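Number of protein chains: 2
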Amino acid sequence: MRVLVVYDVSDNGKRTRLANELKRYGLSRIQRSAFQGNLDSQRMKNMVRSIAHLIDPSTDIIHVIPMGLRDWEERIVIGKEGGEIA
Amino acid sequence: MRVLVVYDVSDNGKRTRLANELKRYGLSRIQRSAFQGNLDSQRMKNMVRSIAHLIDPSTDIIHVIPMGLRDWEERIVIGKEGGEIA
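Quick note, the sequences are listed as chains H and P, same order.
For the first sequence, numbering that gives the first Met the number 0 begins at 0 and goes up steadily by one.
For the second sequence, numbering that gives the first Met the number 0 begins at 0 and goes up steadily by one.
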């Protein structure tokens, strides 16, 4: 399944570890604090469990949102010269 | 249509003006830099045109992603005690 992961994590170290973990699961960065990509449901569960341990739940928040391919393809990108971060 | 708007805007003033504009279009904040909500296609076009003027396209980026209600309902929220910002 395709997912979008968007987060608001205040601590720099935690934020870096979270981004690295998302990359490790093969997700692609689309903004400083947003990734998207494809995962099967088992890896998706593992990823959710894993990233939940990397943040401070009293201050931080992560949304993991399933996303249809069609919806993703119809996104509008404003700014950074069509520029998503590869 | 339901949309998710996620942004990375460096300037504080621009970021505040962008958030206010998204609220003006009736979207709800789900994180510091992410909103979601429903818009008809005309208001959606107007919103995109309007928010494009509020950022610096050389440094900032906004994603506007269509999102099915089912996908939104199946989101996973980690942290902030189930806590989305109303």
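No residue lacks a Cβ here, since even glycine has one placed at the ideal position from N, Cα and C.
Bear in mind the structure is a predicted one, so any value in this text is a computation, not a measurement.
C-alpha distance - GLU20(P) paired with ILE50(P), whole-angstrom precision: Each residue's CA atom was taken as its position, placing GLU20(P) and ILE50(P) some 7 Å apart.
For TYR24(P): DSSP bridge partner residues: According to DSSP, TYR24(P) bridges with nothing at all.
Own chain partners of VAL8(P) with C-beta closer than 7 Å, once the 5 adjacent residues on each side are dropped: ARG14, LEU17, ILE54, ASP59
When ASN11(H), VAL5(H), ARG1(H), VAL76(H) are compared against VAL47(P), the one with the closest alpha-carbon: VAL76(H)
Run of the beta strand (DSSP E) containing ASP7(P), from where it starts to where it stops: 1-7
Residues of the segment 19-51 of chain H with Cβ closer than 8 Å to any Cβ of chain P, in chain order: ILE29, GLN30, ARG31, SER32, ALA33, VAL47, ILE50, ALA51
Contact under 8 Å by Cβ, VAL5(H) with LEU26(H): no
Contact under 8 Å by Cβ, ASP70(H) with MET66(P): Taking 8 Å as the Cβ cut-off, ASP70(H) and MET66(P) qualify as a contacting pair.
CB-CB length for TYR24(H) against ARG42(H), believed under 8 Å: 6 Å
Below-8 Å beta-carbon distance, LYS13(H) vs any chain P residue: no
Interface residues of chain P facing ASP59(H) [CB-CB closer than 9 Å]: For ASP59(H), the chain P residues whose C-beta falls within less than 9 Å of its own C-beta are ILE77, GLY78, LYS79, listed in chain order.
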